[in-house]
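Q: Just so we're aligned: 272 in this note's numbering is position 272 of the first sequence, and the numbers increase by one with no gaps anywhere.
Beta carbons: idealized from backbone N, C-alpha and C, even for Gly.
All of these numbers come straight from a predicted model, not from anything done at the bench.
Starting off with a structure, shown below.
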Amino acid sequence: MTPVVEIRNVAQFEGQDVFIQGWLYNLRESGKILFPLLRDGTGILQGVVVKSAVPAQVFEAVRALTQESSLRARGKVRKEKRAPGGYELDVAEVEVLQNVSSERPYPITPKEHGVEFLMDHRHLWLRSVRQRAILGVRHEIIRACRDFFDDRGFTLVDTPILTPSACEGTTTLFEVEYFDQKAYLTQSGQLYNEAAAMAVGKTYCFGPTFRAEKSKTRRHLTEFWMVEPEVAFAQLDDIMALAEGLVAFVVARALERRREELKTLERDLSKLEKCAPPFPRLAYDDAVNLLKEKGSEIAWGSDFGGTDETILSESFDRPILVHRYPSHVKAFYMQPDPERPEVALCVDMLAPEGYGEIIGGGERAADERLLLRRMDEQKLPREAFEWYLDLRRYGSVPHAGFGMGVERVVAWICGLDHVRETIPFPRMLNRLTP
RNA sequence: UCCUCGGUAGCUCAAUGGUAGAGCAUUCGGCUGUUAACCGAAGGGUUGCAGGUUCGAGUCCUGCCCGAGGAGCCA
């Protein structure tokens, strides 16, 4: 029986008769010979149809194929230097599943298109070689994150997407109707992670996150994915090491298993290969001094602007860990440094090459009275956080964690200039469809 | 919310205030090894919307809509 073969495996079937099922990527013709390029989601294979070698209806069926028509083709796999990929299919028979109407041809042609047009056709754009490569790298990065934590004794504990209130009280949330009350889409699983860490010791959550900010930049989405570990008894140095280990593991895994995709994306692999531990650690104070030397107008006490982040991240050839920011620019639950209460035991990781912040986290305040004071300062409604305060009343321990933005990591590893291509269906300020 | 740039054929773009064009895509024709194939022909337009200036507006002015980049805010 003739086997159905995935294009990525055709080399193993050289000389054999096989079925390929997929879509027409492109068709070139030269009189009595046709070159249909077949795409099946695993690769692209060039077919050859010679008029004198096949029944007339086979030749005509292939000649009439339009871009992205679906089909099943039978033919012999042959090694062929002139074909892209090195193998070719001598098509003997073709079954057209659906021919795309020429009245309404496939909109994405093999030529250039603008951003808006491509985003409007995102559901079709995903079929392109480049987008498929990005989806592959994204998948590998997500899998690597899971493997990293699973192999180190972490328990995945899913945190809710519908929440009764803000996790951090600062950013703008999406409000939804929840029967007769208001609910909000989560902006972080962190507070729930802290509860989970008190139950299982080492935990992580991995899910979508929502921010209703009207940010319109190359590094913002309104819906994005975060992986957030939380570890009981961990302190700042512990989670800095954890963050470093995670990022180094993810980069190494992408280089190991997705080299082809990264080459398709024309990524400079030498830059990624440098991203091995140890990553430089830089106190906020030193970062401010470095920025001043490089001409920034930043003053001690303020958070880094986009430009500052870019300058810092371009100053090193691997990710850097910036720690101990001023407390007042960070969330209410950050633990102050006992030796310098004006700074928090927190850390951000900035990716190199100007990609900026990919991780943010730190040690959580373990003392109930401190938390209450900071919640008052930030005018947070105490009732909503009673359950969270319970964590400090029943066996409070030092603990720490962080969140990593998946899309920013994908953008960095793939070398993309915008996060909109890192997620299958991006949600942005001006984009809710498709 | 603010600043900058943009919106012309299905797509990517051109057009001193004076007859709206090209490449690709589509259709038809040609070509037995093409590599975003190539060659020839045809069809395809309310120049984002609404006003205004002018003998005449794609072009100048006003308002609005949509998009891109950035700022603020953030992962």
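By how many angstroms is the C-alpha of Ile20 removed from the C-alpha of Asp303?
A: Indexing the first sequence from 1 puts residue 303 at position 303. Indexing the first sequence from 1 puts residue 20 at position 20. One C-alpha to the other measures close to 55 Å.
Q: Which residues does DSSP list as the beta-bridge partners of Asn99?
A: Within the first sequence, residue 99 is the residue found at index 99, counting from 1. Residue pairing of Asn99 in beta bridges, as defined by DSSP: absent, with no partner found.
Q: If you follow the beta strand (DSSP E) that Cys346 is in, where does it begin and where does it stop?
A: As a working mapping, residue 346 is identified with position 346 in the first sequence. Element bounds for Cys346: 346-351.
Q: Beta-carbon within less than 6 Å of Ser165's beta-carbon, same chain only, minus the 5 sequence neighbours each way: which residues are those?
A: Working through the first sequence from its first residue, we reach residue 165 at position 165. The answer, listed in chain order, is Ala384.
Q: To the nearest whole angstrom, what separates the beta carbons of Gln187 and Thr217, a pair I think is in contact under 8 Å?
A: As a position in the first sequence, residue 187 is number 187, starting the count at 1. As a position in the first sequence, residue 217 is number 217, starting the count at 1. Separation of the CB atoms of Gln187 and Thr217 is rounded to 18 Å, and the pair is thereby denied contact status at 8 Å.
Q: If you run the structure through DSSP and keep just helix, strand and coil, what is Asn430?
A: Counting from one through the first sequence, the residue named residue 430 turns up at place 430. Coil.
Q: Apart from the five residues just before and just after Trp125, which ones in its own chain have a Cβ nearer than 7 Å to its Cβ?
A: Counting from one through the first sequence, the residue named residue 125 turns up at place 125. Answer for Trp125: Ile108, Leu118, Gln131, listed in chain order.
Q: State the start and end residues of the unbroken beta strand (DSSP E) segment that holds Ala232.
A: The sequence position of residue 232 within the first sequence is 232, counting from 1. From DSSP, the beta strand (DSSP E) with Ala232 extends over 223-232.
Q: How about Thr222 and Leu416: do their beta carbons lie closer than 9 Å?
A: What you label residue 222 is simply residue 222 of the first sequence in a count that begins at 1. What you label residue 416 is simply residue 416 of the first sequence in a count that begins at 1. No, the Cβ-Cβ distance between Thr222 and Leu416 is not below 9 Å.
Q: Can Ala254 and Ala144 be called in contact, C-beta distance under 9 Å?
A: Taking the first residue of the first sequence as position 1, residue 254 is located at position 254. Taking the first residue of the first sequence as position 1, residue 144 is located at position 144. Yes; because the gap between Cβ atoms is below 9 Å, this pair is in contact.
Q: So Met404 is in the alpha helix (DSSP H); what residue range does that whole segment cover?
A: Mapped onto the first sequence, residue 404 falls at position 404. Looking at the DSSP string, Met404 is not in any alpha helix (DSSP H); the run it does join, the beta strand (DSSP E), is 399-405.
Q: Should the segment 304-313 be regarded as contacting the segment 338-353, the criterion being three or more beta carbon pairs within less than 8 Å?
A: yes
Q: Sorted by chain position, which residues of the same chain lie with C-beta nearer than 6 Å to Thr172's C-beta, five sequence neighbours on each side aside?
A: For this step, residue 172 is matched to residue 172 along the first sequence. Once the five neighbours on either side are set aside, the close Cβ partners of Thr172 are Ala212, Glu213.
Q: Cβ atoms of Val406 and Ile134: under 9 Å apart, would you say?
A: Walking along the first sequence from the start, residue 134 turns up at place 134. Walking along the first sequence from the start, residue 406 turns up at place 406. Not closer than 9 Å, so no.
Q: Does His323 come out as helix, strand or coil in the three-state DSSP assignment?
A: Taking the first sequence and counting its residues from 1, one reaches residue 323 at position 323. Looking at His323 - three-state DSSP - the assignment turns out to be strand.
Q: Of all the options Lys79, Ile413, Leu65, Phe279, which has the alpha carbon lying nearest to the alpha carbon of Ala241?
A: The residue labelled residue 241 in the question sits at position 241 within the first sequence. Minimum Cα distance to Ala241 is reached at Phe279.
Q: Ala366 and Val231 look like a contact to me (Cβ under 8 Å); what is the Cβ gap, rounded to whole Å?
A: Locating residue 366 in the first sequence gives position 366, counting from the first residue. Locating residue 231 in the first sequence gives position 231, counting from the first residue. Not a contact, Cβ separation roughly 13 Å.
Q: In the DSSP output, what is Phe206 paired with across the bridge?
A: Your numbering for residue 206 matches position 206 in the first sequence. Answer is Val227, bridged to Phe206.
Q: Given this structure, state the Cα-to-Cα distance separating Leu432 from Tyr204, to the nearest angstrom.
A: The residue you call residue 432 lines up with position 432 of the first sequence. The residue you call residue 204 lines up with position 204 of the first sequence. Between Leu432 and Tyr204, the C-alpha separation is close to 29 Å.
Q: Our contact map puts Ser52 next to Lys32 with C-beta atoms below 8 Å; I'd like the distance itself, whole angstroms only.
A: Against the first sequence, residue 52 aligns to sequence position 52. Against the first sequence, residue 32 aligns to sequence position 32. Right, the Cβ-Cβ distance comes to about 7 Å (below 8 Å), so this counts as a contact.
Q: Return yes when the Cβ of Gly43 is within less than 9 Å of the Cβ of Gly85, no when it is not.
A: Walking along the first sequence from the start, residue 85 turns up at place 85. Walking along the first sequence from the start, residue 43 turns up at place 43. A Cβ-Cβ contact shorter than 9 Å links Gly85 with Gly43.
Q: Tell me whether Trp412 sits in a helix, a strand or coil according to DSSP, three-state version.
A: Walking along the first sequence from the start, residue 412 turns up at place 412. Helix at Trp412.
Q: Sorted by chain position, which residues of the same chain lie with C-beta nearer than 6 Å to Ile7's C-beta, five sequence neighbours on each side aside?
A: The residue given as residue 7 occupies position 7 in the first sequence. Taken in chain order, the residues that qualify are Asp40, Thr42, Gly43, Leu45.
Q: Less than 9 Å between the beta carbons of Val62 and Pro36, yes or no?
A: Translated into the one-based positions of the first sequence, residue 62 becomes position 62. Translated into the one-based positions of the first sequence, residue 36 becomes position 36. In contact: Val62 and Pro36 (Cβ atoms closer than 9 Å).
Q: If you count every other CB in all the chains shown that lies within 10 Å of the CB of Tyr178, and 16 or more means buried, which is it?
A: On the first sequence, residue 178 is found 178 positions in, with the first residue counted as 1. Result: exposed.
Q: CB-CB under 8 Å to Gln98, same chain, minus the five flanking residues each way: which ones, in chain order?
A: Taking the first sequence and counting its residues from 1, the one referred to as residue 98 is at position 98. Excluding residues within five positions, the ones whose Cβ falls inside 8 Å are Ser69, Ser70.
Q: Output yes or no for whether 9 Å exceeds the beta carbon distance between Asp90 and Arg78.
A: To locate residue 90, count along the first sequence from 1; it is residue 90. To locate residue 78, count along the first sequence from 1; it is residue 78. Less than 9 Å divides the Cβ of Asp90 from the Cβ of Arg78.
Q: Under the assumption that Tyr333 contacts Arg364 (Cβ atoms under 8 Å), give the Cβ distance between them as a whole number of angstroms.
A: Translated into positions along the first sequence, residue 333 becomes position 333. Translated into positions along the first sequence, residue 364 becomes position 364. Indeed, because the Cβ distance is near 5 Å, the residues count as touching under 8 Å.
Q: Would Val419 and Pro319 qualify as a contact pair, given that the criterion is a beta-carbon distance under 9 Å?
A: Within the first sequence, the letter at position 419 stands for residue 419. Within the first sequence, the letter at position 319 stands for residue 319. Taking the C-beta atoms as reference points, Pro319 is found no nearer than 9 Å to Val419.
Q: Starting from Ile358, trace the beta strand (DSSP E) both ways and give me its first and last residue.
A: On the first sequence, residue 358 is found 358 positions in, with the first residue counted as 1. Boundaries of the beta strand (DSSP E) harbouring Ile358: 356-363, taken from the DSSP string.
Q: Taking just the CA atoms, how far does Leu371 sit from Ser128?
A: Counting from one through the first sequence, the residue named residue 128 turns up at place 128. Counting from one through the first sequence, the residue named residue 371 turns up at place 371. So the two alpha carbons sit approximately 50 Å from each other.
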